[in-house]
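Structure first, then comments.
In the working numbering, the protein residues as written are 416 to 904.
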């Protein structure tokens, strides 16, 4: 079981302090056949696609699983299953619950029964009926009811340019149904989660900006003035005033709501640009929002930056504006591996003992591979891909191949080089004296192989977690990728 990375609870989140352990018990009803269950803890700052950690649930008896961890604080999780061996499904993991909000004082029992006897659809709400009890169950129950209300509500009819002052979005009835359900549940919900769920629901509007632009393109018949008027009139919704009632410290915890505000900012910026008044993103965020919500939005701005932006300049701009420690950590961790960011320099010895620095090769393009003796994937990549690419590009004076070993023993490194299994003496071979070297730890290269393409400015073009990645997984692909970046000045 992978240990859970705890999400620290901040005082301004207004949740009761607790040193209890999170306990989840899941009971699968008749006909639900799962061999093993896992709880996926979601990164609180980067959204549902980024998982902080995974932990297995212990099977107590047939169909009953339990997780008891040492997590502190609060966050979001989803329970997933490995399909049974008899299942026709080929996914490694299959979500079986919606995303829930958890707190370390929870000791919640979740019961699941099949809703559809004809087979699973892949939508957890369509496939299962849920029951909840135990300390802290209210927020799980409320989340499921709110999501089901949204699912069951019929979408509305879009009213577009013909009556721009009364624009109705396609998803408005679904959001209204969810908000009405939340109000019904208010008496049983802690105030913190009432506000948090409201922020989540309001955040579901994010896709409306795409539909607004689509309505303009389809109905304006080339009348750009009419289109711009329509878009400006519908920049805000009635729900924006409802959102103003949510404390900024709680709103900042909703990935849905911060995502909505990010899309709204980009939409508003496009309107300003069309009017000849470019919007300064960081300034607009600081002006319109309080901390820690503004910190979260500045982080989102960086993580979802427009590709035409100078990422280094944006980083230097937003970092002094962010004060929240968690947002700063996430910013710095993300920044160092993004394309366009300057590569951290190092000082490493080569085979002769001479100290080499990455900065020595500025103005040249570099392909760096990181390996250690005994790594089968490292040897296979060199044998099947890298060796031939190095030979084919040996006369390219502005392409440098750098081979970095994280072996602890220098003599072992030299023997491995002499064997020709991992590298050749025709490239620059460097040695870190182990995986504890600051550069290795900075980029989390403790596991290998890792590959980096560095451009002439000393900036990251791509970091690859293994040799199977598209663009470097064959000799032809690697040569083509390096030639492409070589041509960029």
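In this text, a Cβ means the ideal position worked out from N, Cα and C, and glycines have one as well.
Original post:
When the Cα atoms are used, what is the spatial distance from residue 600 to residue 458?
Top reply: Separation of residue 600 and residue 458 (C-alpha to C-alpha, rounded to the nearest whole angstrom) is 27 Å.
Subject >> Secondary structure, beta strand (DSSP E): runs of 3+ residues fully inside the stretch 760-800 >> reply: 762-764, 770-772, 780-786
Original post:
Under the rule that 16 or more other beta-carbon atoms within 10 Å means buried, what is residue 630, buried or exposed?
Top reply: buried
Subject >> Backbone CA spacing between residue 430 and residue 649 [nearest angstrom] >> reply: Annotation note: pLDDT 43 at residue 430 (below 50); position unreliable, coordinate value reported separately. So the alpha carbons of these two residues sit roughly 36 Å apart.
Original post:
Leaving out five residues before and five after residue 815 in sequence, what residues of the same chain have Cβ atoms less than 6 Å from its Cβ?
Top reply: 776, 779, 781
Subject >> Coarse secondary structure for residue 692, derived from DSSP in three states >> reply: Coil at residue 692, not helix or strand.
Original post:
Do residue 451 and residue 497 have their C-beta atoms closer together than 8 Å?
Top reply: yes
**OP:** Please state whether DSSP places residue 422 in a helix, a strand or coil.
**Re:** Note that residue 422 scores a pLDDT of 34, beneath 50, so its modelled location is shaky; the value from the coordinates is reported in the next line. In the structure shown, residue 422 sits in a strand (DSSP, three-state: E or B).
Original post:
Mapping DSSP to helix, strand and coil, what is residue 855?
Top reply: In the three-state scheme derived from DSSP, where H, G and I count as helix and E and B as strand, residue 855 is classed as helix.
Original post:
Is it right to say residue 603 is buried, meaning 16 or more other beta carbons lie within 10 angstroms of its own, or is it exposed?
Top reply: exposed
**OP:** Apply the 10 Å Cβ neighbour rule to residue 507 and answer buried if 16 or more other Cβ atoms are within range, or exposed otherwise.
**Re:** With fewer than 16 Cβ atoms within 10 Å of its Cβ, residue 507 is classed as exposed.
**OP:** Tell whether a beta-carbon distance below 8 Å holds between residue 381 and residue 707.
**Re:** Residue 381 cannot be examined here, being either before or after the span of the chain that is shown, 416 to 904.
**OP:** Counting only the same chain and skipping the five closest in sequence on each side, list residues whose C-beta sits under 7 Å from that of residue 425.
**Re:** A caution first: residue 425 carries a pLDDT of 36, below 50, which makes its placement in the model unreliable, though a value can still be read off. The answer is none, since no qualifying residue turns up.
Original post:
How do the stretch 746-753 and the stretch 812-830 stand: do at least 3 beta-carbon pairs fall below 8 Å, yes or no?
Top reply: no
**OP:** Have a look at residue 526 and residue 443 and give me their C-alpha separation to the nearest angstrom.
**Re:** Their Cα atoms are separated by approximately 6 Å.
**OP:** In angstroms with no decimal places, state the Cα-to-Cα distance between residue 521 and residue 492.
**Re:** Computed Cα separation, rounded: 13 Å.
Original post:
DSSP state of residue 830, grouped into three classes?
Top reply: helix
**OP:** Could you say which of 675, 694, 692, 728 lies nearest to residue 711 if we only look at CA atoms?
**Re:** 675
**OP:** Pick helix, strand or coil for residue 542, following the three-state DSSP scheme.
**Re:** helix
Original post:
Which residues mark the beginning and the end of the beta strand (DSSP E) in which residue 529 is found?
Top reply: 522-529
Original post:
Of the choices 548, 530, 553, 551, whose alpha-carbon is the least far from that of residue 542?
Top reply: Residue 530 is the option with its Cα nearest to residue 542.
Subject >> contact_flag[the stretch 680-691, the stretch 726-746] where n(CB pairs < 8 Å) is 3 or more >> reply: no
Original post:
Ends of the beta strand (DSSP E) at residue 877?
Top reply: 875-879
Original post:
Just to confirm, are residue 844 and residue 893 a CB contact at a threshold of 8 Å?
Top reply: no
Original post:
Between which two residues does the beta strand (DSSP E) harbouring residue 449 extend?
Top reply: Where residue 449 is concerned, the enclosing beta strand (DSSP E) stretches over 449-457.
**OP:** Could you tell me which of 882, 720, 736 sits nearest to residue 797, measuring between CA atoms?
**Re:** 882
**OP:** Give the secondary structure of residue 496 by DSSP, where H, G and I count as helix, E and B as strand, and everything else as coil.
**Re:** strand
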